[in-house]
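Everything on this sheet refers to the single structure shown next.
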Amino acid sequence: MFKKIKISAPARIHVNLFDMSNNGYRQNGGIGFCLNGLDTVIEFYPDHEFQIIDNRPIPYTKEEEKLLTAFLQQMYTSGQFRKKMKVIFQAGPPPHSGFGTGTATKLACAEAASILNDTRPDQAELIAASGRGGTSGVGISTYFKGGLNVDLGVKQAGLALGPSSARQGPRKPPVSLINIHLPESWFIGVIILLNEKRISANEERDFFNKTCPIDSVSVHGSMYQALSGLACAAIENDIFTFCSAINATQTSQWKMAEWMTQSSDIRNLKNNLHKAGASCIGLSSLGPAIYFMAPNIDDLVGKLNIIDEHIFVKSSPNNLGRVVEID
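If you read the sequence shown in our numbering, its first letter stands for residue 11, the second for the next number, and so on.
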């Protein structure tokens, strides 16, 4: 009998989505990478009923806890699991801040439930059980592998474009084109302004409805920056080209729309980072987390004089994915 299952799932930075048009070969897809220092750490204990305890500095709301409980109940019903569990969040970045905590949490719950009930499904079955990966397959890949991941979504079938949180996963998993280890000597700064409004699932759906479809020319440009820029630069340990591609990605139609949803404080932070000498600056997903690279990250942050309450993490690439510990 297992006493405890502990899963530490790294944060992922979502750089960009790809084919959010309505006339391409593919639909959805995207690029992103995994970071150290912002893990969502969850402990699971056998219990008679589902119970969620959130000890993170910024926890789930009561409504979000109810939604997670409903997910667990549905997963147990469809998976024919018997042994339930207590779910305790011990650490992690603020939910809905651009780190993929929703995907990581559901995958961790599916993996812990399978271990507790001794079913041991493969990765594809865990992904299906989580219901994630309906828009971008980045988070479902980096959960297991870490690194930088490029996926090309699913074959165009006329499905309504929307976020993964609004889907139950595609009938076929997204095509993962490549997963690359990022150079571990690289450092990435991350800043989260804590007083910023975090986007809700409903607001995210509204954003997709308002922004889609994206012009096909911008889709082509986004994929060029992802493949010829970011992916090749990671393989060749070329930080200059990597930063150039990050900066160019911010001018894509999709990414510009994401930036336009941000507050003046977030956009001012971007400008101040640029003035202080950042080599590249990006917005992870719909924010509010900003990531950046610079020759000396500590010196750069010292120049910013950020007044608002914030979290700053000097991070490095995570090329391993989640860590599972069983007692």
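The beta-carbon is built from N, C-alpha and C at its ideal position, and this holds for glycine as well.
Closest by C-alpha distance to residue i, when choosing among the options
| i | options | result |
| --- | --- | --- |
| residue 150 | 274, 73, 164, 22 | 22 |
| residue 319 | 286, 264, 275 | 275 |
| residue 284 | 296, 295, 300 | 300 |
| residue 302 | 24, 209, 262 | 24 |
| residue 289 | 295, 307, 297, 279 | 307 |
| residue 18 | 208, 103, 81 | 103 |
| residue 207 | 136, 106, 128 | 106 |
| residue 54 | 147, 304, 138, 116 | 116 |
| residue 223 | 282, 267, 330 | 267 |
| residue 166 | 36, 133, 315 | 36 |
| residue 86 | 101, 113, 125 | 125 |
| residue 238 | 132, 258, 219, 79 | 258 |
| residue 1 | 185, 132, 114 | It is not possible to answer for residue 1, since the shown part of the chain is limited to 11 through 337. |
| residue 305 | 295, 296, 293, 286 | 286 |
| residue 312 | 228, 298, 282, 153 | 282 |
| residue 205 | 316, 250, 245 | 316 |
| residue 294 | 32, 43, 242, 119 | 43 |
| residue 96 | 108, 78, 111, 88 | 78 |
| residue 265 | 56, 236, 245 | 236 |
| residue 83 | 58, 101, 111, 66 | 58 |
| residue 335 | 171, 109, 118, 327 | 118 |
| residue 71 | 32, 337, 210, 127 | 210 |
| residue 68 | 203, 218, 240 | 203 |
| residue 245 | 189, 94, 227 | 189 |
| residue 187 | 217, 337, 40, 93 | 40 |
| residue 20 | 157, 134, 195, 33 | 157 |
| residue 333 | 216, 263, 155 | 155 |
| residue 101 | 33, 66, 129 | 66 |
DSSP-derived helix/strand/coil call for residue i
| i | result |
| --- | --- |
| residue 42 | strand |
| residue 237 | helix |
| residue 158 | strand |
| residue 207 | coil |
| residue 24 | strand |
| residue 303 | strand |
| residue 292 | strand |
| residue 66 | coil |
| residue 164 | strand |
| residue 199 | strand |
| residue 282 | helix |
| residue 256 | helix |
| residue 333 | strand |
| residue 50 | strand |
| residue 311 | helix |
| residue 188 | strand |
| residue 262 | coil |
| residue 72 | helix |
| residue 322 | strand |
| residue 13 | coil |
| residue 216 | helix |
| residue 275 | helix |
| residue 226 | helix |
| residue 232 | helix |
Cβ separation of residue i and residue j, assumed to be a contact under 8 Å, to the nearest whole Å
| i | j | result |
| --- | --- | --- |
| residue 91 | residue 123 | 5 Å |
| residue 278 | residue 193 | Not a contact, Cβ separation roughly 31 Å. |
| residue 191 | residue 329 | 4 Å |
| residue 260 | residue 297 | That belief does not hold up - the Cβ atoms of residue 260 and residue 297 are roughly 12 Å apart, past 8 Å. |
| residue 153 | residue 113 | 7 Å |
| residue 89 | residue 139 | 6 Å |
| residue 183 | residue 134 | 6 Å |
| residue 226 | residue 262 | With a Cβ gap of about 12 Å, residue 226 and residue 262 do not count as contacting. |
| residue 127 | residue 76 | Not really, about 23 Å apart at Cβ, beyond 8 Å. |
beta-carbon residue i near the ligand FAD non-hydrogen atom, thresh 6 Å
| i | result |
| --- | --- |
| residue 166 | Looking at this structure, you won't find the ligand FAD or any other ligand, since it has none at all. |
| Do the segment 147 to 161 and the segment 267 to 276 meet, that is, are 3 or more Cβ pairs less than 8 Å apart? | no
| request: Evaluate contact between the segment 12 to 29 and the segment 61 to 75, counting only Cβ atoms and requiring at least three cross-stretch pairs below 8 Å. | output: no
| Does the segment 246 to 254 come within contact of the segment 34 to 51, defined as at least 3 CB pairs closer than 8 Å? | no
| Is it true that the segment 24 to 44 meets the segment 231 to 244, where meeting means three or more beta-carbon pairs spaced less than 8 Å apart? | yes
| Continuous alpha helix (DSSP H) assignments of at least 4 residues falling wholly in the segment 77 to 154 | 111 to 126, 133 to 140
| If we count Cβ pairs, one from each stretch, closer than 8 Å, do we get three or more for the segment 320 to 337 versus the segment 189 to 206? | yes
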